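Peer 1: First the structure, then my questions, so here it is.
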Amino acid sequence: MEKCVKTAAKKFKCILCEKSYTQRYNLKRHVATHSGEKRYQCKVCQKKVFTEQLLKTHMVTHSERKHKCEICEKGFSSAFALKTHKVSHTGVKPYSCDICEKKFKLSGHVKQHMKCHSKERPYKCKLCDKTFSDPSNLSRHMSTHTQKQSYKCGVCEKFFTRRTDLDIHINVHMGLKLHKCTICQKAFSYPRTLRNHMFTHSEEKPHKCKLCNKEFASLNGLKQHMATHKEERPFKCPSCGKGFHHLHTLKRHSLTHSGIKAHQCEICEKKFALLATLTRHRKVHFGKKKIQCKV
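In case it helps, my numbering puts the sequence shown at residues 126 to 420.
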């Protein structure tokens, strides 16, 4: 099926992401990336690609790999590709993100990473309306609609389309939090949770609730807030009967009944049951709230 419409400048337009092409062939190759299926496999290295032409292009790398890495003996079709590859052996990551300070080996990787901090998410899934800042993320997401979820968690029986997603998920059951915030050292199980958390350190709050005008640094924060406008609070505290919209909010609240105050202010040594309460308290010392610390 050729998912296209004609335009004046570029005749062939993809109806999934609205990208346009001057040739029908280029559109066909592009549309294949939305399917999530890589049907063409290289017989030499078993790599899979979306289209037959991409496979032909890939095969050239096996026949004309004149530039070989002296460390791992991997061959490359160009001197530039070899030079780029050699960086992976150094362990050096000279390029860093100005927002979250995450480091990268290549400048191109920084540019790609910066999109996760952008407010713009122009690539929209036509099946579930989820939006993305990068076309590659949209393509990967599309596979969740087309591919069989073949990787199953042995603990909770949840399914995943990719092995890497399952590996990250298993960390949750193991209690591992490998993704640490470079600003406050808080750790998370999922990289996406860390990305959402980084917005809390920003003064900018671009996401506004249409019901009460409250502003949030991240879209996820806004989504969680929207639940507070619903009357239903299905998660009840067994100690005080207070209801909550989310299970994780109830778990956090339960700490206030435990008597344990594990979070201490390094300035006045006051202790708190919740990290969020300590974070709010710190603003007292830095002049962000016009009230006095009572300690």
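The C-beta atom is built at its ideal place from N, Cα and C for all residues, glycine as well. Small disclaimer: the values here were computed from a predicted structure and weren't measured.
1) Kindly indicate which residue of L301, I224 and H266 has the alpha-carbon position closest to the one of F285.
2) Return the chain-ordered list of same chain residues with a C-beta closer than 7 Å to the C-beta of C421, the five sequence neighbours on each side being excluded.
3) Does DSSP put G279 in a helix, a strand or coil?
4) Check Q178 in the structure and name its three-state DSSP category.
5) Taking Cβ to Cβ, would you say K330 is nearer than 8 Å to F341?
6) Between L380 and G368, what straight-line distance do the alpha-carbon atoms span, to the nearest angstrom?
7) How far does the alpha helix (DSSP H) with F324 in it extend, from its first residue to its last?
8) For N321, which residues of its own chain have a beta-carbon under 6 Å away from its beta-carbon, when the five flanking residues on both sides are left out?
9) Quick one: what does DSSP say T147 is sitting in, helix, strand or coil?
10) The alpha helix (DSSP H) with K138 in it runs from where to where?
11) Is T132 helix, strand or coil by DSSP?
12) What do you reckon, are the CB atoms on P260 and Y248 nearer than 8 Å?
13) Quick check for students: name the residue ranges of the alpha helix (DSSP H) that lie wholly in the region 194–265, counting only runs of 4 or more.
14) Could you tell me which uninterrupted alpha helix (DSSP H) segments, each at least 4 residues in length, are contained entirely in the region 342–413, listed from first to last along the chain?
15) In whole angstroms, what is the alpha-carbon distance linking H294 and A312?
16) By how many angstroms is the C-alpha of D292 removed from the C-alpha of K333?
17) Measuring CB to CB, does L180 end up less than 8 Å from C167?
18) Going by the CB atoms, is the gap between K218 and K422 shorter than 8 Å?
19) For Q389, which residues of its own chain have a beta-carbon under 6 Å away from its beta-carbon, when the five flanking residues on both sides are left out?
20) Taking the alpha carbon of G233 as the reference point, which residue from Y220, E226, K227 and I224 has its own alpha carbon closest?
21) Using beta-carbon positions only, say whether H304 and L319 come within less than 8 Å of one another.
22) Looking at C-alpha atoms only, which residue of N262, S264, L263 and N296 is the closest neighbour of C278?
Peer 2: Based on what the coordinates show:
1) Working through the sequence shown from its first residue, we reach residue 285 at position 160. Here the closest residue by C-alpha is H266.
2) Within the shown structure, residues of the chain are numbered from 126 to 420, placing residue 421 beyond reach of any answer.
3) Here residue 279 corresponds to residue number 154 of the sequence shown, with the count starting at 1. In the structure shown, G279 sits in coil (DSSP, three-state: anything other than H, G, I, E or B).
4) What you label residue 178 is simply residue 53 of the sequence shown in a count that begins at 1. Here Q178 sits in helix by DSSP.
5) Along the sequence shown, read from residue 1 onward, the residue named residue 330 stands at position 205. Along the sequence shown, read from residue 1 onward, the residue named residue 341 stands at position 216. Yes, Cβ-Cβ distance for K330 and F341 is below 8 Å.
6) Within the sequence shown, the letter at position 255 stands for residue 380. Within the sequence shown, the letter at position 243 stands for residue 368. Cα to Cα, the separation comes out at about 15 Å.
7) By 1-based counting over the sequence shown, the position of residue 324 is 199. No alpha helix (DSSP H) contains F324, which DSSP labels as neither H nor E.
8) Translated into positions along the sequence shown, residue 321 becomes position 196. The answer, listed in chain order, is S343 and N345.
9) In the sequence shown, counting from the first residue as 1, residue 147 sits at position 22. Coil at T147, not helix or strand.
10) The count along the sequence shown starts at 1 and reaches residue 138 at position 13. From DSSP, K138 is part of no alpha helix (DSSP H) but of the beta strand (DSSP E) over F137 to C139.
11) Taking the first residue of the sequence shown as 1, we reach residue 132 at position 7. Legend: pLDDT at T132 = 43, less than 50; position of this residue unreliable, no value from coordinates given.
12) In the sequence shown, the residue the question calls residue 260 occupies position 135. In the sequence shown, the residue the question calls residue 248 occupies position 123. Cβ atoms of P260 and Y248: closer than 8 Å.
13) 204–215 and 232–239
14) 344–351, 372–383 and 400–410
15) As a working note, residue 294 is residue 169 in the sequence shown. As a working note, residue 312 is residue 187 in the sequence shown. If I take the Cα positions, the gap works out to 15 Å.
16) Position 208 of the sequence shown, counted from the start, is the residue given in the question as residue 333. Position 167 of the sequence shown, counted from the start, is the residue given in the question as residue 292. Cα to Cα, the separation comes out at about 34 Å.
17) The residue given as residue 180 occupies position 55 in the sequence shown. The residue given as residue 167 occupies position 42 in the sequence shown. Yes, Cβ-Cβ distance for L180 and C167 is below 8 Å.
18) Examination of residue 422 is not possible in this model, given that the chain is present from 126 through 420 alone.
19) The residue labelled residue 389 in the question sits at position 264 within the sequence shown. Hits under 6 Å: K396.
20) As a working mapping, residue 233 is identified with position 108 in the sequence shown. Ranking the options by Cα distance to G233, first place goes to Y220.
21) To locate residue 304, count along the sequence shown from 1; it is residue 179. To locate residue 319, count along the sequence shown from 1; it is residue 194. Yes, Cβ-Cβ distance for H304 and L319 is below 8 Å.
22) The sequence position of residue 278 within the sequence shown is 153, counting from 1. Nearest option by C-alpha distance: N296.
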